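Peer 1:
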DNA sequence: ACCACCTTGCCACTGAGTGGCGATTGCTTT
DNA sequence: AAAGCAATCGCCACTCAGTGGCAAGGTGGT
């Protein structure tokens with residue numbers, strides 16, 4: 037599933053698939069570079085395809101939309117997250133939310149090939165200033181959450197009508213997005229370990245967010 | 037702000053604006069009807085504009101996209117929510133999350149003109165089966181959350197670097213979306229009071245979602 | 001070496017969204 | 001009440017994302 041991570045294991049993919057893979061990576065790399073240098077909207081798909089020397093028809097066989105190529109590193113991580121949730125041993129002692137936290141942390145650490153962190157940084161900043169990309173990103177996250185909910189039901193025997201597992205997933209997504217925001221604001225070179233740190237910090241802030249009260253300054257009360 | 041709600045107060049809008057308003061409502065009504073009868077994608081804007089007898093140019097002066105006209109009832113409620121958050125008296129005894137809950141409940145009750153509940157039901161179900169609409173909906177919700185965060189900072193004197201208020205807003209959005217889902221599945225005629233009930237139920241499930249544990253059925257552990 | 005098939009490239013097409021400009025409509029001032 | 005003003009509307013032409021069809025080329029198996 038995680039198209040960029042699992043290269044070492046497996047009986048070596050066929051040549052045809054490796055070619056496809058190289059095209060995909062070239063498209064993502066070039067797209068992120070062009071979209072970052074100029075604007076997302078001002079770069080046409082024709083131009084991107086010219087650079088990579090690929091027809092527009094081929095582009096749409098690899099990605100479903102212009103937005104998707106920009107969010108590929110982000111999507112790859114969510115796919116790895118589903119894999120983790122599916123395969124990770126169950127520990128009945130940990131709460132669902134803790135299990136989810138373990139799975140995201142594990143997922144981001146499987147992405148440690150090449151400069152995934154740099155690409156994720158590019159697409160995070162891109163999403164922050166491009167409505168179309170942000171919308172696509174949130175939609176994809178929603179789809180992933182529904183897939184994860186299925187896994188939770190299957191592996192942890194939960195009531196399908198219970199709102200709590202779904203809320204836990206929504207809270208996970210929210211915390212991770214806050215972590216991405218914090219991480220993308222760091223001035224240093226992006227690393228997976230910093231992202232892990234920021235993710236833990238965001239999770240740690242969750243309980244307090246339910247009980248937090250305001251301080252009601254000199255502002256009039258109505 | 038809430039384009040559909042505040043009709044009674046105000047010194048009667050100018051005729052020109054009322055005409056504009058009627059065009060807007062005709063577009064929303066017809067769009068929801070057509071999108072529900074057939075598919076969102078199979079209804080072209082040209083067709084919609086023909087029905088309402090409005091040029092496509094005018095459509096785009098009223099709505100920013102094809103998706104927006106379908107989500108107008110939903111967006112109107114969020115705009116009313118911002119208004120409530122802005123004007124509601126502050127009660128230092130209640131937590132931020134409780135304040136937010138009060139504001140959504142109040143917002144949906146201001147929408148009690150005409151059959152807003154029916155329109156909201158249509159667009160909720162539409163969003164559930166149309167990726168483009170769901171994406172737009174989530175993006176709009178994100179923009180609203182950022183606007184609400186500004187209000188919280190201004191009125192409740194919170195630290196701009198504190199993650200907790202933002203997380204509280206994300207959790208609010210998640211709970212409300214769960215409530216919408218539950219509400220849209222009800223077989224009866226949609227009412228605002230049922231939506232309020234489902235919203236309270238979703239909020240009540242939040243604390244439990246942080247501590248919930250699985251039951252680890254006969255499923256193997258790895 | 002040959003065949004079957006997957007993949008690619010090209011072409012033409014639909015439909016969303018934008019900008020310009022002249023015409024119309026509602027508001028205002030004298 | 002008439003004229004002047006500004007906002008709005010409708011029409012036209014255009015760009016660009018995304019899709020389907022079909023022929024040509026490369027790939028894997030025999």
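Residue numbers (my numbering), protein chains in the order written: chain X, 37 to 258; chain H, 37 to 258.
Backbone N, C-alpha and C define an ideal beta-carbon position, used for all residues, glycine too.
Nothing here was measured: the structure is a model prediction, and the numbers come from that model.
Using a threshold of 8 Å, state whether the C-beta atoms of residue 210 (chain X) and residue 169 (chain H) are closer than that.
Peer 2: Working through the first chain from its first residue, we reach residue 210 (chain X) at position 174. Working through the second chain from its first residue, we reach residue 169 (chain H) at position 133. No, the Cβ-Cβ distance between residue 210 (chain X) and residue 169 (chain H) is not below 8 Å.
Peer 1: Let me check understanding here. Comparing Cα to Cα, which of H:132, H:182, H:113 lies closest to residue 231 (chain H)?
Peer 2: Position 195 of the second chain, counted from the start, is the residue given in the question as residue 231 (chain H). Ranking H:132, H:182, H:113 by Cα distance to residue 231 (chain H) puts H:113 first.
Peer 1: So which residues of chain X does residue 167 (chain H) contact, with C-beta pairs closer than 9 Å?
Peer 2: Working through the second chain from its first residue, we reach residue 167 (chain H) at position 131. Within 9 Å Cβ-Cβ: 175, 179.
Peer 1: Can you grab the Cα-Cα spacing for the pair residue 188 (chain H) / residue 116 (chain H), in whole Å?
Peer 2: Along the second chain, read from residue 1 onward, the residue named residue 188 (chain H) stands at position 152. Along the second chain, read from residue 1 onward, the residue named residue 116 (chain H) stands at position 80. So the two alpha carbons sit approximately 15 Å from each other.
Peer 1: Do residue 249 (chain X) and residue 128 (chain H) have their beta-carbon atoms positioned less than 8 Å apart in this structure?
Peer 2: Counting from 1 along the second chain, the entry for residue 128 (chain H) is found at position 92. Counting from 1 along the first chain, the entry for residue 249 (chain X) is found at position 213. Yes, the pair counts as a contact, with Cβ atoms nearer than the cut-off.
Peer 1: In whole angstroms, what is the alpha-carbon distance linking residue 70 (chain H) and residue 118 (chain X)?
Peer 2: Sequence index remark: in the second chain, residue 70 (chain H) carries index 34 (1-based). Sequence index remark: in the first chain, residue 118 (chain X) carries index 82 (1-based). About 37 Å.
Peer 1: Could you give the C-beta distance for residue 202 (chain X) and residue 244 (chain H), rounded to a whole number, given that I count them as a contact under 8 Å?
Peer 2: The count along the first chain starts at 1 and reaches residue 202 (chain X) at position 166. The count along the second chain starts at 1 and reaches residue 244 (chain H) at position 208. Actually they are not in contact, since the Cβ atoms of residue 202 (chain X) and residue 244 (chain H) sit about 12 Å apart, beyond 8 Å.
Peer 1: Quick check: what's the CA-CA separation for residue 65 (chain H) versus residue 213 (chain X)?
Peer 2: Position 29 of the second chain, counted from the start, is the residue given in the question as residue 65 (chain H). Position 177 of the first chain, counted from the start, is the residue given in the question as residue 213 (chain X). Cα to Cα, residue 65 (chain H) sits roughly 35 Å from residue 213 (chain X).
Peer 1: Beta carbons nearer than 7 Å to chain X: which residues of the region 129-159 of chain H have them?
Peer 2: Within the region 129-159 of chain H, the residues whose Cβ lies closer than 7 Å to some Cβ of chain X are 131, 132, 133, listed in chain order.
Peer 1: Go ahead and label residue 37 (chain X) buried or exposed: buried means 16 or more other beta carbons lie within 10 angstroms of its beta carbon, across all protein chains shown.
Peer 2: Indexing the first chain from 1 puts residue 37 (chain X) at position 1. Confidence is the limiting factor: at residue 37 (chain X) the pLDDT is only 39, short of 50, which leaves the residue's position unreliable and the question unanswerable from this model.
Peer 1: Along the region 106-123 of chain H, what residues have a CB closer than 8 Å to any CB found in chain X?
Peer 2: Listed by position, the residues of the region 106-123 of chain H near chain X (Cβ gap below 8 Å) are 123.
Peer 1: Could you tell me the distance, in whole angstroms, from the CA atom of residue 155 (chain X) to the CA atom of residue 180 (chain X)?
Peer 2: Sequence index remark: in the first chain, residue 155 (chain X) carries index 119 (1-based). Sequence index remark: in the first chain, residue 180 (chain X) carries index 144 (1-based). Their Cα atoms are separated by approximately 20 Å.
Peer 1: Would you call the region 67-86 of chain X and the region 94-112 of chain X in contact, with 3 or more CB pairs under 8 Å?
Peer 2: Contact holds: three or more Cβ-Cβ distances are below 8 Å.
Peer 1: Roughly how many angstroms lie between the CA atoms of residue 68 (chain X) and residue 161 (chain H), to the nearest whole one?
Peer 2: Looking up residue 68 (chain X) in the first chain gives position 32. Looking up residue 161 (chain H) in the second chain gives position 125. The straight-line gap from Cα to Cα measures roughly 35 Å.
Peer 1: Taking DSSP as the reference, what is the three-state secondary structure of residue 192 (chain X)?
Peer 2: Looking up residue 192 (chain X) in the first chain gives position 156. Residue 192 (chain X) falls in the helix class under three-state DSSP.
Peer 1: If I measure Cβ to Cβ from residue 142 (chain X) and keep anything under 6 Å in the same chain, skipping five residues before and after, which residues do I get?
Peer 2: Counted from its first residue, the first chain places residue 142 (chain X) at position 106. Counting only Cβ-Cβ distances below 6 Å, and skipping sequence neighbours, we find 120.
Peer 1: Under 8 Å, Cβ to Cβ, is there at least one residue of chain H near residue 170 (chain X)?
Peer 2: If you number the first chain from 1, residue 170 (chain X) lands on position 134. By this cut-off, residue 170 (chain X) is an interface position.
Peer 1: Report yes or no: is there a C-beta of chain X within less than 8 Å of the C-beta of residue 216 (chain H)?
Peer 2: For this step, residue 216 (chain H) is matched to residue 180 along the second chain. No, residue 216 (chain H) does not count as interfacial toward chain X.
Peer 1: So with Cβ pairs under 8 Å, would you call residue 80 (chain X) a contact of chain H?
Peer 2: By one-based count along the first chain, residue 80 (chain X) stands at place 44. So, not an interface residue.
Peer 1: In chain order, what residues of the same chain lie with their CB nearer than 6 Å to the CB of residue 63 (chain H), ignoring the 5 residues before and after it?
Peer 2: By 1-based counting over the second chain, the position of residue 63 (chain H) is 27. Hits under 6 Å: 88, 105.
Peer 1: At 7 Å on the CB atoms, spell out the chain H contacts of residue 202 (chain X), in chain order.
Peer 2: Mapped onto the first chain, residue 202 (chain X) falls at position 166. The answer, in chain order, is 214.
Peer 1: Run through the region 98-157 of chain X for me and flag every whole alpha helix (DSSP H) of 4 or more residues, listed as ranges in chain order.
Peer 2: Whole alpha helix (DSSP H) segments, 4+ residues: 102-106, 108-123, 132-146.
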